[in-house]
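Data first, discussion second: the structure below is written as structure tokens.
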Amino acid sequence: MLAKLVLLAFAALSPLTSAAVIRRAPGIRPVAVSPRQGTSPSIGLASIVNNCNETVHIWSVGQNIAGPFNINRGGVYAEQFTRDPVSGGKALKLTLIPNGIFNGAAQTIFAYNLDGTGKIWYDLSDVFGNAFTGRKLVVTSADPTCPTITFPNGVPPGGSQVKVCPDASKDVTLTLCAA
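Take the sequence shown: its letters are residues -19 to -1, 1 to 160, numbered as in mature numbering (1 follows the signal peptide of the UniProt record, and there is no 0).
Next up, the structure:
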């Protein structure tokens, strides 16, 4: 549901003073609120943190396509986990080129699937090349017992990267250009 789709841009402030600006789907005015306003506290977020120097272009793809959401260095994109009625999951497609998903640009795909048992499945993959070659990508869960996905040089290491976390209330975050 587009109303649950959020774009968070955080200032580089301490956690006690930072405010989030949430921009919802087109046609809904941006407002300053806490990061969890308008989301269910029992369902986590899929987040993307951009530590790269380039602007990253993100599309949320399931039954419908939302985006692009353009995230500059230091920006954060987040959407609440949702179960897509057609595809089951969502694919957050990232490119370094505007309109990249429509012109064959290299894409990194951060995908998730909220299953009916309270688990969240997540994956990281590339298509049409490797958009973040030479840059470390890391997917982590707010639950430290859940598996991490790491592309040390921005390139898939081979084999399946599908992971599952038993608690869908915990956020899962992709960090671009991770330390």
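From the three backbone atoms N, C-alpha and C, an ideal C-beta is built for every residue, glycine too. Quick caveat, the model's predicted, so the values are computed rather than measured.
In chain order, what residues of the same chain have a beta carbon less than 7 Å from the beta carbon of residue i, not counting five sequence neighbours either side?
| i | result |
| --- | --- |
| Leu95 | Phe62, Thr63, Arg64, Ile101, Ala149 |
| Phe113 | Thr89, Gly135, Leu157 |
| Ile24 | Gln61, Phe62, Ala149, Ser150 |
| Gly48 | Ile39, Trp40, Ser41 |
Consult DSSP for residue i and reduce its assignment to one of helix, strand or coil.
| i | result |
| --- | --- |
| Ile29 | strand |
| Gly115 | coil |
| Gly97 | coil |
| Ile90 | strand |
| Phe83 | helix |
| Phe50 | strand |
| Ala6 | With a pLDDT of 34 at Ala6, under the threshold of 50, the modelled position of this residue cannot be trusted, and the question is left open. |
| Gln61 | strand |
| Val37 | strand |
| Ala13 | Summary for Ala13: the model assigns pLDDT 26, below 50, so the residue's position carries little reliability; its value from the coordinates is reported in the next sentence. If DSSP states are grouped into helix, strand and coil, Ala13 belongs with the strands. |
Rounded C-beta distance between residue i and residue j? I'm assuming under 8 Å.
| i | j | result |
| --- | --- | --- |
| Thr156 | Asn51 | That pair is no contact at about 18 Å. |
| residue 161 | Gly110 | Any question about residue 161 goes unanswered here, given that the chain covers just -19 to 160. |
| Arg116 | Cys146 | About 24 Å; that fails the 8 Å criterion. |
| residue 212 | Ser68 | Any answer about residue 212 is impossible in this case: the structure gives the chain only from -19 up to 160. |
| Ser41 | Leu73 | 6 Å |
Beta-carbon within less than 6 Å of residue i's beta-carbon, same chain only, minus the 5 sequence neighbours each way: which residues are those?
| i | result |
| --- | --- |
| Leu77 | Glu35, Ala112 |
| Gly43 | Asp65, Ser68, Lys71 |
| Thr129 | Thr121 |
| Leu75 | Val37, Ile39, Thr89 |
Beta strand (DSSP E) runs contained entirely in the stretch 125 to 158, provided each spans 3 or more residues = Counting whole runs of 3 or more residues, the stretch 125 to 158 contains the beta strand (DSSP E) stretches 130 to 132, 144 to 146, 153 to 157.
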